[in-house]
Every structure is written in C-alpha cells, then in structure tokens.
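Q: Okay, here's the structure, questions in a sec.
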Amino acid sequence: MADDKAARLDEIIASHGDREGPLLPILHDIQEEFGCIEEEAKRQIAAALNLSRAEVHGVVSFYHDFKAQKADKPVLKLCRAESCKSRGVEALVAHAQATAGDRVEIETVYCLGLCSVGPNAMVGKKLYAYLDDAKLASIIKEMV
Ligand code: FES
C-alpha cells in the first residue's frame with residue numbers, strides 16, 4: 007500500500023478516534039473515499055482499534071455495502087423493498103437497466119430509510135426520492 011494511502015487511512019481512523027464503536031463509521035468513510043476495503047486497510051484498522059484482522063473482516067463481509075474490490079463503473083442503489091415496491095419501483099427497473107446499459111451498475115438494495123417518499127435510490131451518499139422513469143434516467147445519465 008502506498009504511503010500516502012496509508013497516511014490517509016490513518017487520518018480517517020483518527021477522525022473517529024473519540025467515538026464509541028468507531029469501526030462502522032471508519033469503514034463507511036474508507037468505502038466512500040476508496041471505493042473498497044482492501045486487506046491492507048483491514049490490517050491497519052485492526053491495529054489502530056486493537057482488533058484482530060478477522061474481526062474487521064467479519065464486519066466488512068457481513069455488510070454488502072462494503073466491497074472487497076473497487077467497482078469498475080458507477081453504482082446506483084435502487085430500493086426494491088416493500089414500501090418502494092408498493093410505490094411503483096418495479097415498473098421503473100426495466101427502463102433504468104436499459105438506460106444504464108453497461109455504463110452504470112444498478113444494485114438492488116432493501117430500504118434506504120425513506121419509505122414514505124419512494125421509490126428511492128442512492129448514489130454515493132446522495133439520496134433521490136419520488137423517482138419516475140424520467141428522473142431515474144436523468145440521474146443515470148449524470149453518472150456517466
Ligand atoms: S422501502 Fe424503499 S426506502 Fe424503505
């Protein structure tokens with residue numbers, strides 16, 4: 007791992023140093039910044055938090071938001087849980103996939119916590135609500 011990357015990981019870890027249970031916030035920040043949680047990052051986190059690498063790996067592998075490898079294309083998370091289903095998300099899927107083609111990955115997720123304003127999607131940390139075909143296509147086109 008490059009020294010600058012290791013240094014940046016140290017900064018992220020230190021930024022959560024005063025929290026109780028800092029592991030998940032640290033992992034979210036690393037995933038957001040680097041697009042994945044690499045083995046060296048797990049070792050560095052484990053050493054900093056006085057955990058075993060296996061403990062860190064267990065948390066990383068439990069939550070599918072954390073990726074072992076960086077995605078080769080941008081990812082749009084589309085909620086297909088019950089509330090968004092009842093608000094019409096399934097009717098949007100085919101058009102969204104056709105618009106995305108092989109340029110954007112449409113990842114199914116189950117609830118983004120905005121059930122009353124669905125259908126919903128998320129790109130990075132940004133949430134989108136009240137989706138329809140046109141709005142979803144516009145978001146996808148902005149991503150490429
Ligand atoms: S069911 Fe889609 S945000 Fe909760």
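Our numbering puts the sequence shown at residues 7 to 150. Positions of the beta carbon are idealized from the N, C-alpha and C atoms, including for glycine. Just so it is clear, the structure is predicted and the values come from calculations on it, not from any experiment.
Between Leu142 and Lys11, what straight-line distance do the alpha-carbon atoms span, to the nearest angstrom?
A: Answer to the nearest angstrom: the Cα atoms are 34 Å apart.
Q: Please determine, among Lys147, Pro80, Leu137, the residue with the shortest C-alpha to C-alpha distance to Glu96.
A: Ranking Lys147, Pro80, Leu137 by Cα distance to Glu96 puts Leu137 first.
Q: Which value, in whole angstroms, describes the spacing of the CA atoms of Asp139 and Arg93?
A: Spanning the two alpha carbons is a distance of roughly 13 Å.
Q: From Asp71 to Arg86, what distance separates their C-alpha atoms?
A: Roughly 16 Å separates the two Cα atoms.
Q: Any idea what DSSP makes of Ile43, helix, strand or coil?
A: In this structure, Ile43 counts as coil in the three-state DSSP scheme.
Q: Hey, how far is the Cα of Ile134 from the Cα of Val65?
A: The residue you asked about is not Ile; residue 134 is Tyr in the sequence shown. When rounded, the distance between both Cα atoms is 27 Å.
Q: Note down the Cα distance separating Arg25 from His63, rounded to an integer number of angstroms.
A: If you take the alpha carbons of Arg25 and His63, they lie about 20 Å apart.
Q: Val115 bridges to which residues according to DSSP?
A: DSSP, once it has assigned bridges, lists Cys85 as partnering Val115.
Q: Return the residue from the list Asp9, Ile18, Ile146, Ala13 that minimises the CA-CA distance to Lys83.
A: Measuring from the Cα of Lys83, the nearest candidate turns out to be Ile146.
Q: Please work out which residues of its chain come closer than 7 Å, Cβ to Cβ, to Ser89, disregarding the five sequence neighbours upstream and downstream, and give them in chain order.
A: Cβ neighbours of Ser89 beyond the five flanking positions: Cys121, Gly124.
Q: Any chance you could list the residues with Cβ under 5 Å from a heavy atom of the ligand FES, keeping chain order?
A: Answer in sequence order: Cys85, Ala87, Ser89, Cys90, Cys117, Leu118, Leu120, Cys121, Gly124, Asn126.
Q: Do the CB positions of Ala74 and Cys42 come within less than 8 Å of each other?
A: Yes, they are a contact pair.
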